[in-house]
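Quick note: the sequence shown uses full-length UniProt numbering, first residue 1, plus one each step.
All C-beta atoms, glycine included, are put in the ideal place defined by N, C-alpha and C.
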Amino acid sequence: MNDRDEAVRLAVYRALAATGRLPGIDELAVTTSLEPSEVEESLEALATARHVVFDGDHRIVLAHPFATRNFAFSVMGERTLWWGGCAWDAFAIPHLVPDEPSALIATTCPACGAAHSWTVTREAAPDGPQVAHFLTPVAHIWDDVVHACEHQRVFCSSEHVDDWLERTGNDHGYVMDLATLWRLAAHWYEGRLDSPYRRREPVEAREYFASVGLTGAFWGN
1 MNDRDEAVRL AVYRALAATG RLPGIDELAV TTSLEPSEVE ESLEALATAR HVVFDGDHRI
61 VLAHPFATRN FAFSVMGERT LWWGGCAWDA FAIPHLVPDE PSALIATTCP ACGAAHSWTV
121 TREAAPDGPQ VAHFLTPVAH IWDDVVHACE HQRVFCSSEH VDDWLERTGN DHGYVMDLAT
181 LWRLAAHWYE GRLDSPYRRR EPVEAREYFA SVGLTGAFWG N
């Protein structure tokens with residue numbers, strides 16, 4: 001990315017991290033000392049480079065791990081409330097934001113509606129019998145990233161995953177326990193609030209997944 005786009009990216013991410021709120025075009029222009037038209041051009045470039053995601057109304061809905069609407073996960077710190085973009089992202093936020101040592105993550109089971117919550121820290125995975133189900137393999141997340149994120153959910157159990165799949169007609173995805181989900185999320189977004197930020201290449205991503213105990217099926221093969 002060029003310096004202008006990186007400045008806008010950093011302003012978006014730091015604002016979301018600090019406040020849980022997406023800044024407007026004019027606010028970003030003031031923060032970055034750019035013209036509003038330049039900010040808009042940079043946001044388009046950031047979307048092309050997969051740093052932000054627009055919804056059908058051309059509004060930013062995701063700047064991973066942060067979301068700007070409800071994706072079924074709330075992340076509550078002592079001073080800030082965020083939307084997590086999916087199970088992976090929700091568990092990543094407490095690892096990424098510098099001023100919150102822990103966060104209360106809440107969601108519901110898609111199969112039965114039961115409420116679940118965990119206090120997530122950077123020290124150890126939360127206890128719990130629940131499992132995360134990723135409907136879309138990682139290699140295909142960006143085919144439809146909003147759909148993929150909406151279907152990375154936490155269920156009461158593997159049996160509830162099966163019940164939900166039978167009811168919805170979806171194919172079985174990848175299931176992991178909370179400890180694996182926590183390891184996956186812990187370092188995936190490191191550096192996202194710093195500059196310059198470099199996305200992992202596919203080979204690096206595969207190595208990272210293997211390091212936290214995820215098999216080739218998680219990637220999609």
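Counting along the chain, the unbroken alpha helix (DSSP H) around V8 starts and ends at D3 to T19.
Residue burial is scored here from C-beta neighbours: T215 has fewer than 16 other C-beta atoms within 10 angstroms and is therefore classed as exposed. In this structure P65 does not touch L46 by the C-beta definition: roughly 15 angstroms separates them, more than the 8 angstroms allowed. Excluding the 5 residues flanking it on each side, G220 has same chain C-beta neighbours closer than 7 angstroms at P137, V138, A139 and H140, in chain order. Taking all protein chains in view, the Cβ of D5 is crowded by 16 or more other Cβ atoms within 10 Å, so the residue is classified as buried. For S102, the uninterrupted beta strand (DSSP E) run begins and ends at S102 to T108, by DSSP. Here the alpha carbon of F54 sits roughly 15 angstroms from the alpha carbon of V8. Around A90, the same chain offers F73, V75, G84 and I105 as residues with beta carbons nearer than 6 angstroms, after the five sequence neighbours per side are excluded.
In the DSSP assignment, W182 falls within the alpha helix (DSSP H) that extends over L178 to A186. The C-alpha of L62 is placed about 22 angstroms away from the C-alpha of S102. Taking the Cα of G128 as reference, the smallest distance to any Cα among E190, S42, V154 and L34 is reached at V154. When C-beta atoms of the region 119 to 133 are compared with those of the region 161 to 174, three or more pairs fall below 8 angstroms, so the two segments count as touching. When DSSP states are grouped into helix, strand and coil, V52 belongs to the coil group. The alpha carbon of D194 has as its nearest neighbour, out of Y13, N2 and G113, the alpha carbon of Y13. If you look at R153, you'll find it in the beta strand (DSSP E) that goes Q152 to F155.
Per DSSP, the continuous alpha helix (DSSP H) segment holding G216 begins and ends at G216 to W219.
Minimum Cα-Cα distance from W182 among the listed residues G173, A92, A15 and C86 corresponds to A92.
Sixteen is the threshold: when 16 or more other Cβ atoms of the shown chains lie within 10 Å of the Cβ of S42, as they do, the residue is buried. Just so you know, the alpha carbons of E38 and E190 end up roughly 27 angstroms apart. P94 is positioned such that its CB atom lies closer than 8 angstroms to that of R122. For T168, the uninterrupted alpha helix (DSSP H) segment begins and ends at S158 to T168.
With a beta-carbon spacing of about 14 angstroms, A87 and C156 fall beyond the 8 angstroms limit used to define contacts.
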